[in-house]
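Numbering (UniProt numbering), first residue to last: 1 to 578. Ideal Cβ placement from N, Cα and C applies to all residues, glycine included.
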């Protein structure tokens, strides 16, 4: 019942009926007043005509008799009453008829119809004392004096509403001997006007009823397609898109609405289908992205572990370089002692024989020190070569990071494209894809920095290897010289004559060894500095790798959130039955 009251057809029909009914009522009221005013105007003309005719047809002698003897004993009075009653019997609108005389400035009722007699109105009654309105008295006086027909406005008393007309009765001497008064019952006009207006009102009500029925069936026919579309829209709101919309044959606005509704259903099916496909693809991409991010995280963890191992090896290399530097300083000091000893021998060759045994012992010690130096130099060369190998491994790892960053950047680009296709639903995924792309670019930059640092390390390592090779050669030369010195010391006892020349050669060789030892010391110090820089750079690479690992973990969380959003989107799409 409530649905019927709230339906559009009921509202339209009710509004139309109210408007038609109001129009009918207003028309009836307007008609009533128009008929009433028209009848009143017609009554005024008819009243004047009636009064004039009655005054003209009046018997002058009879009127004089009535004026002179205004009582019921006068036969003329009775005859006049009879004539007045007969006139009133032929007219429903005439309520009273009577004659008025004028004497000494006063008006008197000298004859009247039976209608007044029934009200106990006496003959020869003074009209002024009877309570007649001043308007009526004034008009009576004007009618006597001007000898013209007069009529009052509508007035009322205890007996009803009246309009009075009066005409002078003029004798042969053109004197007014009396006034013929006619009272019209205005209520008759009102009743007649109301009857006519009621007839129009009844006709209007019948017309309103017929129009209401026609409007009802017409609107019902017009609303039927709308109700059909409303039912289909309700099913769509419940998620049922597997509906068939019949094409409306109407070519008006409702037909256009039906066609638009049918297009809307078709487009909505396509949209839901496309959104479902896009959500599936996004879900697959998010799963692949999560898997690749996990692989990247594992690889970054391996890289971080490898970099930490490199840092540990670099620290060991720094320690070895410091040890080599210390040994080289000792070697340089020993060579300087040898040079000093050679000078002393050159200056005091005479005493060399006595100290040959001591020189031989010193030579043996120098041989042992040279072996130690050779051992440390070999170890330093091995460490430097190992550092070069680690640098190459770092280069390979950096290339792997660069490839992973490129793949991640490509995936981020694909994800951004899919997010753009998804429209409003892909905005969150677009933000994630943009963050992934930024992280990939940062990884590429970090990998490039690592590659540059590794290249510098490799360059320094190559220089160190070259220096170490020179140092090994110099150590070999030193070993040979020391061995020669030992041989010389063994032959000192046998051949003292050539000792001066041999001592000079030893002194020269000692100076060369001193210069070489200084070069080796400088190279080892440079290698130690490079090793320290490599350790610092490796530490920076380790920190960058740790930050990258944290960023990749955050990207993995965002990918999981994206997968959850896609799941919610799928649940929403499941509401629709395509």
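Spatial distance of residue i from residue j (CA atoms)
i           : j           : result
residue 469 : residue 382 : 11 Å
residue 390 : residue 455 : 12 Å
residue 441 : residue 379 : 41 Å
residue 571 : residue 276 : 10 Å
residue 88  : residue 94  : 6 Å
residue 112 : residue 55  : 14 Å
residue 106 : residue 172 : 23 Å
residue 298 : residue 569 : 31 Å
residue 225 : residue 203 : 34 Å
residue 237 : residue 26  : 47 Å
residue 82  : residue 206 : 48 Å
residue 53  : residue 194 : 30 Å
residue 461 : residue 333 : 27 Å
residue 373 : residue 294 : 50 Å
residue 266 : residue 394 : 59 Å
residue 579 : residue 467 : Shown here, the chain extends from 1 to 578; a query on residue 579 therefore has no answer.
residue 402 : residue 449 : 11 Å
residue 633 : residue 477 : With the chain represented from 1 up to 578, any question about residue 633 goes unanswered, as that position is not in the structure.
residue 234 : residue 274 : 23 Å
residue 481 : residue 358 : 18 Å
residue 5   : residue 227 : Note that residue 5 has pLDDT 47, beneath the 50 cutoff, so the model's placement of it is unreliable and the number below is only indicative. Answer to the nearest angstrom: the Cα atoms are 15 Å apart.
residue 264 : residue 270 : 10 Å
residue 474 : residue 533 : 27 Å
residue 561 : residue 526 : 52 Å
residue 522 : residue 326 : 12 Å
residue 196 : residue 190 : 10 Å
residue 361 : residue 490 : 11 Å
residue 199 : residue 85  : 32 Å
residue 18  : residue 213 : 13 Å
residue 138 : residue 201 : 42 Å
residue 666 : residue 302 : Any question about residue 666 goes unanswered here, given that the chain covers just 1 to 578.
residue 44  : residue 183 : 11 Å
Integer-rounded CB distance, given that residue j should sit under 8 Å from residue i
i           : j           : result
residue 99  : residue 63  : 7 Å
residue 430 : residue 420 : 7 Å
residue 67  : residue 178 : 6 Å
residue 479 : residue 552 : Contact flag wrong, Cβ pair sits at about 55 Å.
residue 416 : residue 433 : 4 Å
residue 47  : residue 130 : Not really, about 21 Å apart at Cβ, beyond 8 Å.
residue 278 : residue 422 : 5 Å
residue 465 : residue 385 : 6 Å
residue 418 : residue 285 : 6 Å
residue 405 : residue 459 : Not really, about 24 Å apart at Cβ, beyond 8 Å.
residue 188 : residue 61  : The pair is not a contact, with the Cβ atoms about 34 Å apart (cut-off 8 Å).
Beta-carbon proximity of residue i to residue j, cut-off 8 Å
i           : j           : result
residue 126 : residue 108 : yes
residue 14  : residue 215 : no
residue 22  : residue 180 : no
residue 186 : residue 208 : no
residue 555 : residue 436 : yes
residue 149 : residue 128 : no
residue 408 : residue 550 : no
residue 12  : residue 219 : yes
residue 169 : residue 80  : no
residue 147 : residue 110 : no
residue 592 : residue 536 : Here the chain has residues from 1 to 578 only, and residue 592 is not among them.
residue 445 : residue 367 : no
Beta carbon proximity, residue i to chain C, threshold 8 Å
i           : result
residue 305 : In the structure shown, chain C does not exist; there is a single protein chain.
- Write down every uninterrupted run of the alpha helix (DSSP H) in the stretch 40-99 whose length is 4 residues or greater and which is fully enclosed by it, in chain order. 60-68 and 75-89
- Using 8 Å as the threshold, is the stretch 132-144 in touch with the stretch 62-79, meaning 3 or more CB pairs across them? no
- Secondary structure, alpha helix (DSSP H): runs of 4+ residues fully inside the stretch 135-189: none
- Item | Any 3 or more C-beta pairs closer than 8 Å across the stretch 122-130 and the stretch 148-166 | no
- Enumerate, from N- to C-terminal direction, the unbroken beta strand (DSSP E) stretches of 3 or more residues contained entirely within the stretch 412-441. none
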